[in-house]
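Just so we're aligned, residue 1 is where the sequence shown starts under UniProt numbering, counting upward by one. The next block holds one structure in the form of structure tokens; read it before the comments.
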Amino acid sequence: MNVNLYGTQGKWVMVDCGLTFADPAYPGVELILPDLTFIEERADDLLGIVLTHGHEDHIGALPYLAADLGVPLFATPFTAGLIKGKLDEEGLSERVELVIVENEGSFQLGPFGFRYVPLAHSIPEGNALLIETPHGRVFHTGDWKLDDAPQLGEPSTPAELSAIGDQGVLALVCDSTNVFNPEASGSEGAVRDGLDAVIGAATGRVLVTTFASNAARLQTLGQVAKDTGRTLCVAGRSLDRILRVAKSVGYLKDFPDTVDFDTIMSLPPSKAMIVATGGQGEPRAALSRIAEGSHIIKLGEGDLVVFSSKQIPGNEIAIGKIQNALSAAGVAMITDRQAHVHVSGHPGRPELAEMYRWIRPQIVLPVHGEMRHMAEQARFALSEGVPRSIVQQNGELLRLAPNGPEKLGFERVGRLVLDGDVILPADGTTLNERRKISINGQISVAVALDGNDRLLGDPQIRLQGVPVEEDREDFLADAIDAARAAVQKAGSKRDEEFLREALRLGVRRKATEWTGKKPVVDVLIVRVGK
1 MNVNLYGTQG
11 KWVMVDCGLT
21 FADPAYPGVE
31 LILPDLTFIE
41 ERADDLLGIV
51 LTHGHEDHIG
61 ALPYLAADLG
71 VPLFATPFTA
81 GLIKGKLDEE
91 GLSERVELVI
101 VENEGSFQLG
111 PFGFRYVPLA
121 HSIPEGNALL
131 IETPHGRVFH
141 TGDWKLDDAP
151 QLGEPSTPAE
161 LSAIGDQGVL
171 ALVCDSTNVF
181 NPEASGSEGA
191 VRDGLDAVIG
201 AATGRVLVTT
211 FASNAARLQT
221 LGQVAKDTGR
231 TLCVAGRSLD
241 RILRVAKSVG
251 YLKDFPDTVD
261 FDTIMSLPPS
271 KAMIVATGGQ
281 GEPRAALSRI
291 AEGSHIIKLG
301 EGDLVVFSSK
311 QIPGNEIAIG
321 KIQNALSAAG
331 VAMITDRQAH
341 VHVSGHPGRP
351 ELAEMYRWIR
361 PQIVLPVHGE
371 MRHMAEQARF
381 ALSEGVPRSI
391 VQQNGELLRL
401 APNGPEKLGF
411 ERVGRLVLDG
421 DVILPADGTT
431 LNERRKISIN
441 GQISVAVALD
451 GNDRLLGDPQ
461 IRLQGVPVEE
471 DREDFLADAI
481 DAARAAVQKA
491 GSKRDEEFLR
501 EALRLGVRRK
511 ATEWTGKKPV
521 VDVLIVRVGK
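Set out below in structure tokens:
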């Protein structure tokens, strides 16, 4: 969920505007967005949003937040193609200005100069940004790695990066994701050899799952299909979108023709290869539906699934569920633990050290990773001879220059959730209520009173998620007695709030006696007559 703000002379620019995916702490929510209150309050001084590349954690929040900021977006052609698709889906293309910058292009925004510097990554047009400011130059890496044999694009050479360092760099704002890896991440070209070996040895259908946005891997898989004499089928809307956008801007020109689901199932298994989304256990993705048997594509005994992606921490249970279902169907599986079928798109320690030597910054500011990753990169940079490093937390305002780096204080940051079609605070009333209900359940109590505040009939009680199961009727009888007692105790005070609270507490107390839980209790009081 990357959002970076740079400010000078009273003006601001934003680099990236991404989202992240929800975990069980956000019941009913799939997407989490950044809270941009700080810059929304300064929107008149925001000059634009500059995007480094097209991954969701860098561009995903744009359809939900960019229109309100009212500034132009800047991106290279492939990234712009992905963004345009998102804006079109939300009907925002006429409201949000999208400026396409040619690869390695430059432009000016107020006191800021920007130049795109291509770096290898797992998506076309991964870029660093060289940001010119009145106080010095910032080299903002975005996501990157070193790759001697990239399958798509031409990353900057060591000589070109060294030339940037020769001109002086104030701060290197640098990807920290793989800082604990003692070895370089490896080349995409070597993955082709690994996949050739694995798929070439398979005798049944082969399904390969990878990140949809990893167009370099799609290029590799297209070549592997040719190498192994297999016909290719693509399963997943996000894969279709990436292929369409990549081809529209000149990538994947030699990608083999693909066939539909019925055709791939009609081929001899040894001639069939499927590329599918869902390697992280996403429940609605193609692989999940194939594993549970609800997809047109069927896999069984003798077939193979290759996980050509890294298991993202937190997804272990979801991935394990799919792998268990595949195993039950007799499907064999290979992950990056068994064969060389994946390389990361982020730099290990040797790559970081090389970047320090080329760029030679005065300051290293680690980004992109958890706190332990960023703190480790700050230490590593110092050990490699970088004069200064600083670790920033979300919301910390830093002065890089003059006389930096220095922490100036905290500004408001946080999380918003996309709940259906509504954007809400992640710690607001709606989500807090939902969390309580998901943990403790909910009870509705309705009573009807006559003009003298006497009960008319029995209280009505409904339960949701309260763990009484086979004792449900006995519990309801006790809860009704508790509600009746609360009305009698309240008497004829005619204080509706007093009665409402007495009913709520009385029924909840009974639920706690039965279950140990404290469910949310909602009360409805109806008065009939005077």
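For glycine and all other residues, C-beta sits at the position ideal for the given N, C-alpha and C.
With burial defined as no fewer than 16 other Cβ atoms inside 10 Å of the residue's Cβ, what is the status of residue i: buried or exposed?
{"i": "Asn452", "result": "exposed"}
{"i": "Thr277", "result": "buried"}
{"i": "Met14", "result": "buried"}
{"i": "Asn178", "result": "buried"}
{"i": "residue 545", "result": "Beyond the ends of the chain as shown, which are 1 and 530, falls residue 545; an answer cannot be given."}
{"i": "Gly491", "result": "exposed"}
{"i": "Lys489", "result": "exposed"}
{"i": "Gln108", "result": "exposed"}
{"i": "Asn127", "result": "buried"}
{"i": "Pro158", "result": "exposed"}
{"i": "Glu188", "result": "buried"}
Taking a contact to mean a Cβ-Cβ separation below 8 Å, would you say residue i touches residue j in this structure?
{"i": "Ile363", "j": "Ile390", "result": "yes"}
{"i": "Gly348", "j": "Ala235", "result": "no"}
{"i": "Pro350", "j": "Asn440", "result": "no"}
{"i": "Ile525", "j": "Leu499", "result": "yes"}
{"i": "Gly330", "j": "Glu292", "result": "no"}
{"i": "Ser288", "j": "Phe211", "result": "no"}
{"i": "Ala446", "j": "Val528", "result": "no"}
{"i": "Pro63", "j": "Leu87", "result": "yes"}
{"i": "Leu455", "j": "Arg484", "result": "yes"}
{"i": "Val224", "j": "Ala339", "result": "no"}
{"i": "Thr79", "j": "Ile49", "result": "no"}
{"i": "Arg192", "j": "Leu170", "result": "no"}
{"i": "Leu207", "j": "Val305", "result": "yes"}
{"i": "Pro65", "j": "Cys17", "result": "A small correction: the amino acid at residue 65 is Leu; Pro does not occupy that position in the sequence shown. The answer is yes: Cβ separation under 8 Å."}
For residue i, collect the residues of the same chain with a Cβ closer than 8 Å to its Cβ; drop the 5 residues on either side in sequence, then sort them by chain order.
{"i": "Glu501", "result": "none"}
{"i": "residue 552", "result": "There is simply no residue 552 to check, as the chain begins at 1 and stops at 530 in what is shown."}
{"i": "Ile317", "result": "Gly281"}
{"i": "Pro283", "result": "Ala318"}
Using alpha carbons as the reference points, say which of the options lies closest to residue i.
{"i": "Ser162", "options": "Arg360, Leu170, Thr220 and Thr335", "result": "Arg360"}
{"i": "Gly345", "options": "Glu376, Asp45, Gln151 and Gly465", "result": "Gln151"}
{"i": "Ala479", "options": "Gly506, Glu102, Val341 and Glu470", "result": "Gly506"}
{"i": "Gly395", "options": "Pro24, Trp358, Lys11 and Ile39", "result": "Ile39"}
{"i": "Gln442", "options": "Leu431, Ala128, Val466 and Val206", "result": "Val466"}
{"i": "Leu36", "options": "Leu455, Leu82, Leu69 and Pro63", "result": "Leu69"}
{"i": "Arg115", "options": "Lys436, Asn103, Ser122 and Asp336", "result": "Asn103"}
{"i": "Leu31", "options": "Lys253, Leu19, Leu243 and Glu469", "result": "Leu19"}
{"i": "Phe475", "options": "Ile264, Arg504, Glu513 and Ala486", "result": "Glu513"}
{"i": "Leu267", "options": "Gly229, Ser294 and Arg237", "result": "Gly229"}
{"i": "Val3", "options": "Thr76, Lys84 and Val173", "result": "Val173"}
{"i": "Leu33", "options": "Leu352, Arg415 and Val523", "result": "Arg415"}
Just to confirm my understanding: we take residue i, look at its own chain, exclude 5 residues before and 5 after, and list those with CB closer than 6 Å. What are they?
{"i": "Leu408", "result": "Leu397 and Arg399"}
{"i": "Gln280", "result": "Ile312 and Asn315"}
{"i": "Glu97", "result": "Pro72"}
{"i": "Leu195", "result": "Val224 and Val341"}
{"i": "Leu82", "result": "Gly54 and Val245"}
{"i": "Asp303", "result": "Gly204, Arg205 and Val331"}
Counting only the same chain and skipping the five closest in sequence on each side, list residues whose C-beta sits under 7 Å from that of residue i.
{"i": "Thr133", "result": "Thr8, Pro111 and Phe112"}
{"i": "Leu431", "result": "Tyr26, Val417 and Leu424"}
{"i": "Ser309", "result": "Thr209, Thr210, Phe211, Gly279 and His342"}
Which residue or residues does DSSP assign as beta-bridge partners of residue i?
{"i": "Met333", "result": "Val305"}
{"i": "His140", "result": "Leu129 and Val173"}
{"i": "Pro34", "result": "Arg415"}
{"i": "Met273", "result": "Val206 and Leu232"}
{"i": "Pro402", "result": "None; Pro402 has no bridge partner."}
{"i": "Ser389", "result": "Val364"}
{"i": "Phe498", "result": "DSSP lists no partner for Phe498."}
{"i": "Val96", "result": "Its beta-bridge partners do not exist; DSSP assigns none."}
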